[in-house]
Each structure stands twice: as C-alpha cells, then as structure tokens.
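The block underneath contains the structure these notes are about, expressed in structure tokens.
Protein chains: 2
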Amino acid sequence: MSDLAPLFLPAGFRFGATTAGLKASGRPDFAIIAADQPASAAALFTANKVSAAPLAIDKIHLGMSGGLVSLVLINAGNANCAAGEAGYNAAKAVCLAAAETFHCPPEQTFPSSTGIIGVPLPAEKLIAKLPGLKSSIGPTHEHFAALAQAIMTTDLVEKTAFARIELPVADGEAPRCIHIAGVCKGSGMIHPQLVPHAALHATMLVYLLTDAAIEPATLQTLLNASANKSFNCISVDGDTSTNDTVLLLASGASGVQIAAPDSNSASNPTLYENFAAALDQVTSSLAKQIVADGEGVTHVVELQIKGAASDADALRIAKSIAHSPLVKTAWAGADPNWGRLVAAIGYSGAAIDPERIDIRFGDLAICENGGRAAEYNEKAAHEYISQPEFTIHIDLHQGEGSCTFWTTDLTHQYVSINADYST
Amino acid sequence: MSDLAPLFLPAGFRFGATTAGLKASGRPDFAIIAADQPASAAALFTANKVSAAPLAIDKIHLGMSGGLVSLVLINAGNANCAAGEAGYNAAKAVCLAAAETFHCPPEQTFPSSTGIIGVPLPAEKLIAKLPGLKSSIGPTHEHFAALAQAIMTTDLVEKTAFARIELPVADGEAPRCIHIAGVCKGSGMIHPQLVPHAALHATMLVYLLTDAAIEPATLQTLLNASANKSFNCISVDGDTSTNDTVLLLASGASGVQIAAPDSNSASNPTLYENFAAALDQVTSSLAKQIVADGEGVTHVVELQIKGAASDADALRIAKSIAHSPLVKTAWAGADPNWGRLVAAIGYSGAAIDPERIDIRFGDLAICENGGRAAEYNEKAAHEYISQPEFTIHIDLHQGEGSCTFWTTDLTHQYVSINADYST
C-alpha cells in the first residue's frame, strides 16, 4: 500500500483536473484518473442505441487490452455524441496524445464525455492541456475533489462516496484495509439503463476505484449486481442518456486478492461478500446523491414497491410512477393527489388488481383496497410529503415481487434549466 | 330528418347542461345527450387497468342493451375512480334516476365522469338536477355549446367538430345530407390508449354523433379505425387516464343506411368510404384541438416519422419523443437542441441505425446521417420552432413504417396547473 494514499482513497491511483475551455462558464472541465500500474477494469454503458463516440472507443479498448485501464480521460461540456466521424476521430486523437504523454498503451485509455449532444469535440483544446495535467496529478483528497468538480455539468454539488474493509490481522500486526472510492456526476437525462458493455442510462458518469486485486471477470460480476440495485433503480426525468458509463477499476495496490466464491483460486467467501456489501454501499450512496442533485429537484422520493407479481413488475410500476409528469408535479406542490399514483400503476403494464392496491406515505394510510383509506387525512399527508425526502410504500398483493427505487419531483426549476440549455 | 335539426347537427339528439355543484369554480358541470330513439352505439375505453366506475357500468350496459344508448350522462369535477363500492353505487344511482326521469331502460344509459380521482361521487347532487335538465334540453347549437362547456375541466376552450356528407339526388329533389358532430374535453392526463370496450387514455371524453343509420358492429369498426389515426396518436403528458371514453352514436334520423362494404345487405361502398373519411375529419380535428388546449401548452408539434422498420416502431419513436421531458422543455424554450431528439430515438426501443437518422424542422435540414447537417443554421431552427405550431420530420431509413403524431411542449404553466390541483 502506497505511503501516499490518504485514509479513504484506494492506493494506486492519481487524479487531476484542469480547464480546457469546453464549459461556457469557464470552470474546470477536463479530468483524469491515472493508475500507477494498469488496473483491472469492469464497465457498464448506456442501453441507448445512440451512444457517444468515447463509449465506442471504450468498448474497443477494453477488448484489446484484456480489461486493463491505465488512464481515464473525462471531459465535461461536450458529449461528443451524434458528431459523426469527426467526433470519433477527436476522441481517438485525445487518447493517442494522452497515451504518449503518460507512457501507456493507447488501448489502456478510457475516454468519457458529458455535455451537449451534436457538437464535435475540440480535441486540440484537450490535447494542449495534457502536459500540464501530467505534472499536476496526485493521490490526495484535494486531487480527488478537483476531479469530482471538473466532471460536473448541471450538477450543483460534487458527488463522492467511500468504503473501507478492515482485514483480520494477527496480534501485533499493523491494521490492513482495502478501500473503495466512488465519484460521479449526473443531474438531468437521468434514467440509467445499464448493460454490460452495452446499457446504463442518463448522462451519468460513475468511476469506482479500489485497491483490492480482482480479475476483470469477477469485477464485472460484482459491478453488474451492484449497479442493478443502485444506478438502474433511479430516475430523474426518464431520459436515458447516450453517454452513461460506470467504470470500476481495481489497482491491486493493497496486495489483497478477492476472488469469486466459486472460482478455482483460493477464494475467501466472507471477504468477497464483505467487498460486495461495501461496493453496494458506495453505489447506492452515489445513486441517491445523483437523484438528490437532480435538475430542479425539491423532493427526493423513495418508492418501496412490494407484493408485485414479479420483481420486473415491481420495477415497471416504480418507473411508471417515476416518469409520470402528473405524479411528479403533484409532489412538487406537496399535493397528496394519490389518484395519480393509482392511474400510473394502472397503465404501467404490470399485472395488478385495482381493488387490492394499498398505498402508504411513510406510516400514513392513504389508499386501501384501491380506494381512499378510512383514516385518510389530507392535511397529514400534505405535511408528510412537504418534507424534502419521503417514502411511498405500495403493496399490490399479487406476489413476492419488490423493488426500491429513487426518484424526484418535477419543478418550475427543471423547466427553467432545460428550456434554455444550448442556446 | 327532424325540422328542428340545425345545419350542422345530426338529427335525433337533444342536449342539455346544468350546474350540480361538483366544480369548485361553480361552473356548469353536468351535461346530457338524449337520443329521441335508442341510438346504435360503439365505444372505446382506456387501456388503463385502473378504470373508473362509470366505465364498468358502460360496458355492462352496452352488453345488456345490445349496443343501444338513449341517454349519455356526463359530469365534470369528479372522476368517480378509485372510489370503491361507493363510487360504483353512486354512478348506478344516477343512471337509475335518469332512466326513470327520461323514461328509458336503465341499460340504455351511458355515464361518464372526469375530474379528481379518489373522491366518491355525490350522486344526490346530480339526481336533484335531472328534472330541470329534462325540461331544458333541446337540439340547437346553443344547447350543444352548453354541453361542450359543461364537460370541461382544465380545458380553456370548448372543442367541437362537424362534417356533412351530401347525398346524390335526382333533379328537382331536395338536397339530402347526413351529419357527424363531435364534442370532447381533455387537456391533462392526455395519452389515450384506446381499445374496444377496453383501451383509450388521458382523461379524454369524446362524443361523436351522426344521424346516419349504422348497426353497432359496423359503427365499432368505423370507430376503431378512426380512433387509431387520431386519439391514439396524441399525447400531452404521457399519462394514460383511468376515464378515457370515446362514444359514437348513430340515431338513424336521416333515414340513410350505411353498411360495411363486405356485408350481405345492399351496401354502398362509396357512401361507406365517404362516411369513414368524414368521421376521420371530425376525430382528427378533435384530437388536434385536445393537444392544442393541452395544459400549459405553448407549442403544438406534429411529428412525421417515416422510414421506420414498421408502423409500430414509428409509433414507438413518436411516443419516446413525445414523452421526453428534455425534448418537451427544449421546445418550450424554442431551443433547437436536436441531440435530445436523437437520444429519445435511441432509447425508444425501435430498430434504428444511429448513423442513418435524418431530421428536418419543417424544410430546414437539422441532422443528416445521425450528425449535424452541413447546412444546419441554429438561428433559423430557433425561429422555426418559435412558432406556436411546427412540424418535425424524422426519417430512419430502415423500412416503410410511418406515423403522424401530435404532441406538445412542457412549460412552467403545466407545472403550475398540476402542482396544485386538489389541495
């Protein structure tokens, strides 16, 4: 474990950020993550059939490198999507220049872009900043925070999460830890639909780093399971982005090996489970941070769906509610108009019995057997959903399917932010 | 043909409206359509699995009466949905009282409700108004206009459409016409998904009347085809209502019989086609009027999708665009941000090739082969979509699938209207 690694950051990575002039605001917009040694990698990408140039390059590079990444290059202010051959060539040029500057094979570079769609990326602006970036990178929390800020677009706050796993040691031995750190951005176009090398959504960019040693296939299994419970269960506006990316890198710098429980190598099932739980903690924290910082959001809503015919039906119902403009505007006004929830459940496509739907706002009975609950109290319901965060419980009484989903209201501010984005 | 029938209204129907005290505004909220003789009927209802009490009664009544309707009873201000047994009993009580007042069999009554969900209908308020309604009904345009106003909720303007078909007559004979009249309401919760006796959407209520003589099965065939090209191709907010209803009544009072071209009776294919075309004219006019009066709407957008792999894929793409908050808010700001259109096409689920997408705003080339068009002019694009109505053409170059779809922007006013609806 590197002496330089601070308390919460995984060893083996350095970070940097600079201003390349892509953001109209003039704020930092170009960041990198450099691995001291090629890191084992797993990735998920948007399921949108229109996807950005850097994602195409990422998939090719991961294949060529056998799942190794040395350099992550992230720009904000330009999505480099729907920019044709010019966009692809621009991303490729930045990768080649960065590989030369940082002395790594080009196929170990991993580019990401977020921002406006349809405008070719000005590669030369990024390339000009590479030497400066190289000399300024470092492993500290300050360097990590600079990265977190530079990748923001309409985000209001930087988003990071950390987890540590302490390893059992013999008496007198120094304590040993492995670390997981996550950093992400995302505020609008947030409804990730991630698939391995093919499907998350929203312009959400997520970078997860650990100093455990984990081979790429195991890393991918861990990432898939964790993303399905976190990033694939959030929605701000239902718009699945062309650029969503989640990257998990394992530097191995802790010297601690984690193998799949069913692998032939000497695996430690408890350590594997502990690592999976710690990863879940980081991914669900980041997912909730994205929702909380959603464009114009004033209420964060946790949907607890149970009693659905299947988990897929539970998710269908959650998404139908999370994407209903009428439900989301009612939340903006703290209006307990639960009929809109019932309507959204009804058109979700899930198997339901309208006369067995129960809805609670926190502990308050709202709807029972599909009708207004006997003890329904509009004032209490209004007060409960006036809170910045609240939970809605829905029981369909159809089976064992369930899900937890995080979403937001739809406010005047969302309209203001998005009615004047590019012009 | 009744001497009383005015120029554009079908003979055989009378109309009335009154104030029953369901609307907080105190405006008229209870309307009826009374057929002089039981009228042949065809109907379509929301596909939402949660549907309102009157729709359940309508389906039973149409079955019992063999497709005959004498009395349409419409209240606004209360959807009578998710109100359990009490809601069903309330609707039933109004039907029974109305059948007695108007001397028709109860199964020939057709109730409709629109308004807030989850509040039991106060039947006694409606029943008290029946005698007054009976004495005031009439066949004039003034009576018809009173009906159009009483069924409005968040609608700003009344919505009617008319068509006449002149029949060939011998020299010296008086001209003979058949008439079609339509009246509807709908402004929010507008994304109808109609099926025969099972599926339209949004709280859209549509009543189509003709004085042609058409038997119920033929009437249903005509209605299905016409609704699929009109009401099933509009969306304001993507919320499919629990109460959507389209009813087509044929009084036969013109004495002109219209039969299906393939029926055994002496059919007149030309007359059938002319009637179908006139019906399409009325339904598409009403559908566009609903979109134009959508909640908070400042831009009405016609989507012309072609070159899709199938008609179903074309509709999938149109709906994906029409339901994207990012696209709709961009339209609100007349922001030509076409990348959001490309993203919505990409996550629609339709078969596409990202590099073969062409987009035009009216005659302006915007996107060619998935990238910014060579002659793209942002200022011209902005000016074109600053108009209150505009057309977006999308060609996927995948096949012969196409559709025409009408939708709207998403504005501050939509948020204002819906963030404070019931409280």
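Protein chains in written order, with this note's numbering: chain A, 1 to 423; chain B, 424 to 846. Beta carbons: idealized from backbone N, C-alpha and C, even for Gly.
Contact belief for residue i with residue j at Cβ below 8 Å, rounded distance in angstroms
i	j	result
Pro902 of chain B	Asp237 of chain A	Missing from the structure shown is residue 902 of chain B; chain B here goes from 424 to 846 and no further.
Val291 of chain A	Thr407 of chain A	7 Å
Leu549 of chain B	Ile456 of chain B	About 15 Å separates the two Cβ atoms, so there is no contact after all.
Val415 of chain A	Leu494 of chain B	The pair is not a contact, with the Cβ atoms about 43 Å apart (cut-off 8 Å).
Pro543 of chain B	Ala513 of chain B	6 Å
Ser388 of chain B	Leu491 of chain B	Because chain B spans 424 through 846 in this model, residue 388 of chain B falls outside it and cannot be assessed.
Thr706 of chain B	Ser649 of chain B	5 Å
Leu209 of chain A	Pro10 of chain A	5 Å
Secondary structure of residue i, DSSP reduced to three states
i	result
Ile66 of chain A	In the sequence under discussion, the amino acid at residue 66 of chain A is Gly, which differs from the Ile named in the question. Three-state DSSP puts Gly66 of chain A in coil, outside helix and strand.
Glu801 of chain B	helix
Asp293 of chain A	coil
Pro534 of chain B	strand
Cys81 of chain A	coil
Thr576 of chain B	coil
Val473 of chain B	coil
Ser558 of chain B	helix
Pro598 of chain B	coil
Ala499 of chain B	strand
Thr721 of chain B	coil
Ala454 of chain B	strand
Gln37 of chain A	strand
Gly16 of chain A	strand
Ala479 of chain B	helix
Phe275 of chain A	helix
Val183 of chain A	strand
Asp395 of chain A	strand
Ala98 of chain A	helix
Ser690 of chain B	coil
Ala683 of chain B	coil
Gly510 of chain B	helix
Residue-level contact to chain B via CB, residue i, 8 Å cutoff
i	result
Asn48 of chain A	yes
Ser310 of chain A	no
Ala419 of chain A	yes
Leu22 of chain A	no
Arg340 of chain A	yes
Val415 of chain A	yes
Thr114 of chain A	no
Ala330 of chain A	yes
Tyr347 of chain A	yes
Ile127 of chain A	no
Ala148 of chain A	no
Gly307 of chain A	no
Ala202 of chain A	Only weak support exists for where Ala202 of chain A lies, its pLDDT of 40 falling under 50; the coordinates are left without a value.
Ile352 of chain A	yes
Ile60 of chain A	no
Ala5 of chain A	Below a pLDDT of 50, predicted positions are generally treated as unreliable, and Ala5 of chain A, at 42, falls in that range; the measurement from the model is reported next regardless. Answer no: the Cβ-Cβ gap between Ala5 of chain A and chain B never drops below 8 Å.
Gly84 of chain A	yes
Cutoff 8 Å: residue i Cβ touching any chain A Cβ
i	result
Arg779 of chain B	no
Tyr511 of chain B	no
Asp758 of chain B	yes
His835 of chain B	yes
Ala766 of chain B	yes
Gly822 of chain B	no
Ala621 of chain B	Low local confidence applies: a pLDDT of 35 at Ala621 of chain B is under 50, so the model's placement there is unreliable, and no value is given.
Ala504 of chain B	The sequence given here places Cys at residue 504 of chain B; Ala does not occur at that position. Yes, Cys504 of chain B counts as interfacial toward chain A.
Ile540 of chain B	yes
Residue i: contacting residues in chain E (beta-carbon distance under 7 Å)
i	result
Ala516 of chain B	The structure shown has no chain E; the protein chains it does contain are A and B.
Review point. Which runs of the beta strand (DSSP E), 3 residues or longer, sit entirely within the region 608 to 680 of chain B?
Key: Scanning the region 608 to 680 of chain B for uninterrupted beta strand (DSSP E) segments of 3 residues or longer gives 617 to 619, 628 to 633, 668 to 673, listed from N- to C-terminal end.
**Study point:** Whole runs of the alpha helix (DSSP H) within the region 726 to 792 of chain B, excluding any shorter than 4 residues
**Key:** Taking only runs of at least 4 residues, the alpha helix (DSSP H) segments lying wholly in the region 726 to 792 of chain B are 734 to 745, 748 to 755, 762 to 769.
Practice item. Determine which residues of the region 783 to 816 of chain B have a Cβ less than 8 Å from any Cβ of chain A, and write them out in chain order. Key: If the cut-off is 8 Å between Cβ atoms, the region 783 to 816 of chain B has Cys790, Asn792, Gly793, Gly794, Arg795, Glu801, His805 near chain A.
Point to revise | the region 632 to 664 of chain B: positions lying closer than 7 Å to chain A by Cβ | key: Flagged, chain order: Asp660, Gly661, Asp662, Thr663, Ser664.
Point to revise | Interface residues of the region 732 to 751 of chain B facing chain A [CB-CB below 9 Å] | key: Under the 9 Å Cβ criterion, the region 732 to 751 of chain B contributes His746, Ser747, Pro748, Leu749, Val750, Lys751.
Practice item. Compile a chain-ordered list of the residues in the region 286 to 305 of chain A whose CB is closer than 7 Å to at least one CB of chain B. Key: Within the region 286 to 305 of chain A, no residue places its CB atom closer than 7 Å to a CB of chain B.
Review point. Can you list, in chain order, the residues of the region 599 to 617 of chain B whose Cβ is nearer than 9 Å to any Cβ on chain A?
Key: Along the region 599 to 617 of chain B, the positions whose C-beta sits under 9 Å from a C-beta of chain A are Gly611, Met612, His614, Gln616, read in chain order.
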